[in-house]
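In the working numbering, the protein residues as written are 89 to 352.
Idealized CB from N, CA, C, for every residue including glycine.
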């Protein structure tokens, strides 16, 4: 199973390289179900992997001038503070057993995986429907909803901190619909935000867990290699159709994980 996990690491990067987003949503399930990590540790490792892979994409967009500096600061500061505090204080403070529903004991690990499954399902629907592109056509070009963006930034930091995901499905709609950024600029800015959030969140974990650096760097390195392999073939593939197909796969996986964790 561990070998399958390493192969899956390549696929994470490959999907990112082919479609520009989405692949990292599978990091936690791969670490839990293929590698066999505890879900809490998996969220920590996922933050590092997502941070590493998003940094590659973010740097490419930055070189092309497709990163919006002002938005990066306004959105980034509250989300960075929130994810750091969530990983440093909130996650360690949660008790191993959260509550009981009849004969079912809901543990912190189950909560994380259920939340992650729901996150996968919501993210998958966005990929399938191409929701942001459709909505932005119906909006006026008035921008500047920075109070709403601030609230969204805190939400991104909290969710990313709890489940170890990048939160791109929340960031991109906020940048397009609230700040009225061009889609390419929104994607580039989002990748930089995800990289910063993920790595800062991982820093919040450093004092709580013993990190297997050999495994983590190997897994992350394979994901980065996958990005370059996927990017080499991106121009030969219909990325929109691929992203929708990947969305359906993520949706099915999210439903599977949800039922697996709830039914035990």
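Three-state class that DSSP yields for residue i in the structure shown
i: residue 182; result: coil
i: residue 193; result: strand
i: residue 148; result: helix
i: residue 188; result: strand
i: residue 326; result: coil
i: residue 155; result: coil
i: residue 253; result: coil
i: residue 343; result: helix
i: residue 126; result: coil
Rounded separation between residue i and residue j - CA only
i: residue 256; j: residue 238; result: 15 Å
i: residue 114; j: residue 297; result: 22 Å
i: residue 307; j: residue 317; result: 15 Å
i: residue 313; j: residue 189; result: 44 Å
i: residue 213; j: residue 136; result: 25 Å
i: residue 140; j: residue 233; result: 30 Å
i: residue 173; j: residue 302; result: 27 Å
i: residue 156; j: residue 120; result: 35 Å
Sequence-distant residues of the same chain with beta carbon closer than 6 Å to residue i, five excluded per side
i: residue 93; result: 118, 122, 123
i: residue 198; result: 349
i: residue 98; result: 310, 314
i: residue 176; result: 292
Whole-Å CB distance - residue i paired with residue j, under 8 Å assumed
i: residue 153; j: residue 284; result: Contact flag wrong, Cβ pair sits at about 18 Å.
i: residue 341; j: residue 179; result: Rounded, the Cβ-Cβ distance is 23 Å, inconsistent with contact.
Chain C within 8 Å of residue i, Cβ atoms only
i: residue 141; result: Chain labels in this structure do not include chain C; a single protein chain is all it has.
Own chain residues within Cβ distance below 8 Å of residue i, not counting five before or after
i: residue 160; result: 277, 280, 281
Same chain, Cβ closer than 7 Å to residue i, five either side skipped, listed in chain order
i: residue 347; result: none
i: residue 126; result: 197
How about the region 163-173 and the region 142-149: do they share at least three Cβ pairs that are nearer than 8 Å? Segments in contact, no.
Would you call the region 199-219 and the region 248-268 in contact, with 3 or more CB pairs under 8 Å? With the cut-off at 8 Å, the region 199-219 and the region 248-268 touch.
Is there contact between the region 279-291 and the region 126-141, where contact requires at least three CB pairs shorter than 8 Å? With a cut-off of 8 Å, the region 126-141 and the region 279-291 count as touching, because enough Cβ pairs lie within range.
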